[in-house]
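I have placed the structure first, in the form of structure tokens, so that the comments after it can refer back to it.
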Amino acid sequence: MTQAAPIPAGAQAKLRILATTDLHMNLTSFDYLSARPDPTVGLTRTAALIRAARHQAQAAGALCLLFDNGDALQ
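Mapping the sequence shown onto my numbering, position 30 (from 1) lands on 1481, and the numbers just tick up by one.
Next comes the structure, spelled out in structure tokens:
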């Protein structure tokens, strides 16, 4: 087993944590109550927001973790 190198004093890491929950199979950008498309909802919109957040984190030199809580924690 190899050991990790010691961390220098004062070393810092940047981390961005993203989480999703309660998607309820809203895969498409469609509002079923109003029976019309809605680009503010759905997994398509969620994916776009995640992609943008990952790019922002990368530009800031941060690591990015995504956790999906699903509905298991209810």
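The C-beta atom is built at its ideal place from N, Cα and C for all residues, glycine as well. No experiment lies behind these values; they were computed from the predicted model shown.
Taking C-beta atoms as the reference points, residue 1468 and residue 1516 count as a pair closer than 8 Å. Around the CB of residue 1461, fewer than 16 other CB atoms lie within 10 Å, so the residue is classed as exposed. Going by DSSP, residue 1501 is part of no beta strand (DSSP E) but of the alpha helix (DSSP H) stretching over 1494-1510.
Residue 1520 is not a Cβ neighbour of residue 1494, given a cutoff of 8 Å.
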